[in-house]
Each structure stands twice: as structure tokens, then as C-alpha cells.
Amino acid sequence: CCLEWDESCKSPTGRLIMAAFYVSADKAYAVALFGAPYEESAWSVSFDDGDTWNQLSLANTYIDFLSDVAVSPDCNKTMLVSVNLEHGRGCDSVWLKAKTLPEAPEYSGQWLRTWCGQLTGVYPYGPHGLLRLAPEETTGDTVYLVDRGTSTIYWNELETLACWKKRSATSIVNNIVD
1 CCLEWDESCK SPTGRLIMAA FYVSADKAYA VALFGAPYEE SAWSVSFDDG
51 DTWNQLSLAN TYIDFLSDVA VSPDCNKTML VSVNLEHGRG CDSVWLKAKT
101 LPEAPEYSGQ WLRTWCGQLT GVYPYGPHGL LRLAPEETTG DTVYLVDRGT
151 STIYWNELET LACWKKRSAT SIVNNIVD
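In C-alpha cells form, the structure reads like this:
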């Protein structure tokens, strides 16, 4: 009767009401509205027919502090981790800003939220995300996010724009040596 929907590997952020619309064959926008207090609204974009979504706006985003930053060796990309302690609902984030973004030139020079989740590590000042780039690369395409104080490691092979993969280390990670 009807085709089944495929679940996206990285969904748009936001909690309640959502509307999505396509502007080209593979590019779509979605808007999601908040529900309870301190939940987020978001304006997101997909460049791959709705499989991965990245947030374009800081709508109702609470940021208590930035826990780490990484800059690509060619200095084109800056990525950072923001942590939400007080009003947290799983909204710790990784952000990307690229001087030139070949996948979406219209967003060159703009911040995009490319990961949203809850860092659970217990560290003296609360959860911390550590960002590291693959040392053998010169472009900063492969990015690692470590949930400091846990064994959880996320990585992304498309400068944070693609779906994040998750692994567990054999022990708790508190530091990474470059």
C-alpha cells in the first residue's frame, strides 16, 4: 500500500512540532518547536534527502560553557563543544564553522550545530566533551568527540556533517594526548 519511512541517522533537533520541506531534489529544511520550558526550537537543513540534519540556528539554546575547540590543520574549519548544565535536556553540542563549506557553500562562514546529545561524564566541573582531529589528515575531516570521564567516543568522517558513530573504549578516558 504505502512505502515505509526510513529513519534518519541524524534527526533534526527540537522536541515537539515539526514541519519539513524540500527546496531541491536532495536539500530540505525542517523547523521544530519547543515543548516544555528549556526545550529547544531549531531550524535545520539536510543535504542528503533527509538522512542527516544539521541545525542552522541557536533558537532557545542554553550554553553554560565551551569545553573544547579544534581547528583543522588548514585553518578552514573550527569546531567546538558546548555544555548545558543547568537546563540540560541532552543538549550538549558540537558546532562547526568553515570558511568554505563545499557541501553547502551558502553556509560558509556560518555556525552549524552538527551533534546534539547528553555528555554524561563526571568531571570536577561537570560533563566535558573533548574534540580531536585525526592526526594523519590535513583537512580535519575525521573528528572525535570524547565524553570525558566515560568510555564513550563518538566520531564523524565528514567534518561533523555526517552521522556520528559511537564506540566504547576499554577504559574511562580523561585525557587525550595529541
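Quick note: the sequence shown uses UniProt numbering, first residue 1, plus one each step. Backbone N, C-alpha and C fix where the C-beta goes; we use that ideal spot for every residue, glycine too.
Burial state of residue i (16 or more Cβ within 10 Å)
i: Asn175; result: exposed
i: Pro74; result: The question names Pro, but residue 74 in the sequence shown is Asp. Looking at its Cβ environment, which holds fewer than 16 other Cβ atoms inside 10 Å, Asp74 is exposed.
i: Val94; result: buried
i: Glu7; result: exposed
i: Leu101; result: buried
i: Glu136; result: exposed
i: Ala25; result: exposed
i: Leu112; result: buried
i: Cys9; result: exposed
i: Arg148; result: buried
i: Leu158; result: exposed
i: Leu66; result: exposed
Rounded straight-line distance, which links the Cα of residue j to that of residue i
i: Tyr107; j: Thr114; result: 13 Å
i: Thr152; j: Val173; result: 8 Å
i: residue 180; j: Glu40; result: Past the boundaries of the shown model lies residue 180; the chain is included only from 1 to 178, so the question cannot be answered.
i: Ala19; j: Ser11; result: 13 Å
i: Phe47; j: Val71; result: 23 Å
i: Leu161; j: Asn54; result: 7 Å
i: Tyr144; j: Glu103; result: 20 Å
i: Thr150; j: Ala169; result: 8 Å
i: Ala98; j: Ser44; result: 17 Å
i: Thr61; j: Cys2; result: 37 Å
i: His128; j: Val23; result: 37 Å
i: Cys91; j: Ala42; result: 12 Å
i: Leu85; j: Lys166; result: 22 Å
Contact check, residue i vs residue j, beta carbons under 9 Å
i: Leu56; j: Gln118; result: no
i: Gly140; j: Lys77; result: yes
i: Thr52; j: Cys163; result: yes
i: Asn156; j: Thr138; result: no
i: Asp64; j: Val83; result: yes
i: Asp49; j: Leu131; result: no
i: Ala32; j: Phe21; result: no
Suppose only complete runs of 3+ residues qualify. What are the beta strand (DSSP E) ranges in the stretch 65 to 153, listed by chain order? The stretch 65 to 153 is shown to contain whole beta strand (DSSP E) runs of 3 or more residues at 65 to 71, 77 to 83, 92 to 98, 111 to 117, 129 to 133 and 143 to 147, in chain order.
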